[in-house]
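Visitor: First residue of the sequence shown: 13, per our numbering; consecutive thereafter. Quick one: structure below, then a few questions.
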Amino acid sequence: MEPVAPKGSYSLVGARSAIAAGYRHTVGLHSDGTVTAVGDNKYGQCNVSGWRNIVAVAAGNAHIGSAHTIGLKMDGTVAAVGWNKYDQCNISGWHDIVALAAGWRRTVGLQSDSTVVAVGRNNEGQCNVSGWREIIAVAAGDWHTAGLKSDGTVVIAGNNRYGQSNVSDWHDIVAVAAGYLHTVGLKSDGTVTAAGWNKREQCNVSSWHDIVAIAAGSSHTIGLKSDGTVAAAGWNEHGQCNVSGWRDIVAVTAGCAHTIGLKSDGTVVAAGDNQNGQCDINGWRGIQLPGN
């Protein structure tokens, strides 16, 4: 997710991202509106070379499973490639979309009127978002969907087995992220709160400060600090939290077991699982939102 502005000046554009990390793949948006992807392509989730006029990207993440890739077009329509067993790529009729999120077997779109649409697996009610209003950002975990409201509160639909939906007391939130079984909120004062499964200590973020953007992997949490450095908490079996040496970072995203950072010069850094080449981004250049 891109760095956000302080509460009161948050915009829908601020919820757009030029980088996305899925289950085992990574997606980058070039400033000319084209897209590149590396990693697992079993279901064609990296087949984005023909995309044009894209202004944001999202990648389906999962604790265990397959993935898809979503692209928001300049005209408010959406492109999709990848695994579609649960119709998560059936977005051809969408329009007036201003931001996207992709979860496990699910795609979520924020419309210009601040309402939300969703397609895909809905066994636990994670797509039951049609009644949401005044939403300014969305996030998709494996089995739950989060919506950030304009008043700084958060709504959630879907699974709550581990308390990942217990956010009714959250306030002054300016960004939200969702992992496998946890939810993370960035507050207007630069601190971070989290709810849900904490077996890997992915919710141990209460000491963080000066945070301007957040991301959630399956079982790890990433925070971008105002000085361009990065904080991490949670599962680190594959080195996905080894980001302490990163500098000049302007955006972060987290996949199942890897972490991606966008640098101010348009290059990208990666840490974590690279079994499928999802961290092979050293040659990427010019990754940034169109017009930046």
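C-beta atoms are modelled at their ideal positions from N, C-alpha and C, and glycine is treated no differently.
Just grab the DSSP bridge partners of ARG118 for me.
Guide: Position 106 of the sequence shown, counted from the start, is the residue given in the question as residue 118. According to DSSP, ARG118 bridges with GLY115, GLY132.
Visitor: How should SER238 be labelled, buried or exposed, when 16 other C-beta atoms within 10 angstroms of its C-beta is the threshold for buried?
Guide: Residue numbering aside, residue 238 sits at position 226 when the sequence shown is read from its first letter. Flag for SER238 reads exposed.
Visitor: Residues bridged to HIS194 by DSSP?
Guide: Within the sequence shown, residue 194 is the residue found at index 182, counting from 1. Answer is GLY208.
Visitor: Leaving out five residues on either side along the sequence, give the residues of the same chain with a beta carbon under 6 Å from the beta carbon of GLY202.
Guide: By one-based count along the sequence shown, residue 202 stands at place 190. Within the same chain, GLY202 has close Cβ partners HIS221, ASP222, ILE223.
Visitor: Check whether the Cβ atoms of SER29 and THR233 lie closer than 8 Å to each other.
Guide: Along the sequence shown, read from residue 1 onward, the residue named residue 29 stands at position 17. Along the sequence shown, read from residue 1 onward, the residue named residue 233 stands at position 221. Not in contact: SER29 and THR233 (Cβ atoms no closer than 8 Å).
Visitor: If we call anything under 8 Å between Cβ atoms a contact, is HIS80 one with GLY94?
Guide: Counting from 1 along the sequence shown, the entry for residue 80 is found at position 68. Counting from 1 along the sequence shown, the entry for residue 94 is found at position 82. Yes.
Visitor: Is the beta carbon of ALA74 sitting closer than 8 Å to the one on TYR35?
Guide: As a first step, residue 74 is located in the sequence shown; it is residue number 62 there, counting from the start. As a first step, residue 35 is located in the sequence shown; it is residue number 23 there, counting from the start. Yes, they are a contact pair.
Visitor: DSSP state of HIS75, grouped into three classes?
Guide: Here the question's residue 75 lines up with position 63 in the sequence shown. Correct three-state label for HIS75: coil.
Visitor: Quick one: is GLY191 buried, meaning 16 or more other Cβ sit within 10 Å of its Cβ, or exposed?
Guide: In the sequence shown, counting from the first residue as 1, residue 191 sits at position 179. When all chains shown are included, GLY191 counts as buried.
Visitor: Assign LYS394 to one of three DSSP states: helix, strand, or coil.
Guide: What is shown of the chain runs 13 to 304, which leaves residue 394 out entirely.
Visitor: Rounded to whole angstroms, what's the CA-CA distance from ILE293 to GLY273? Just pull it up for me.
Guide: In the sequence shown, counting from the first residue as 1, residue 293 sits at position 281. In the sequence shown, counting from the first residue as 1, residue 273 sits at position 261. Computed Cα separation, rounded: 10 Å.
Visitor: In chain order, what are the residue ranges of uninterrupted beta strand (DSSP E) at least 3 long that sit wholly in the region 140 to 186?
Guide: Correct list: 147 to 152, 156 to 161, 166 to 170.
Visitor: Taking all protein chains shown into account, decide if VAL285 is buried (16 or more other Cβ within 10 angstroms of its Cβ) or exposed.
Guide: Within the sequence shown, the letter at position 273 stands for residue 285. One point to set straight first is that residue 285 is Asp, not Val, in the sequence displayed. It is buried - the Cβ of ASP285 has at least 16 other Cβ atoms within 10 Å.
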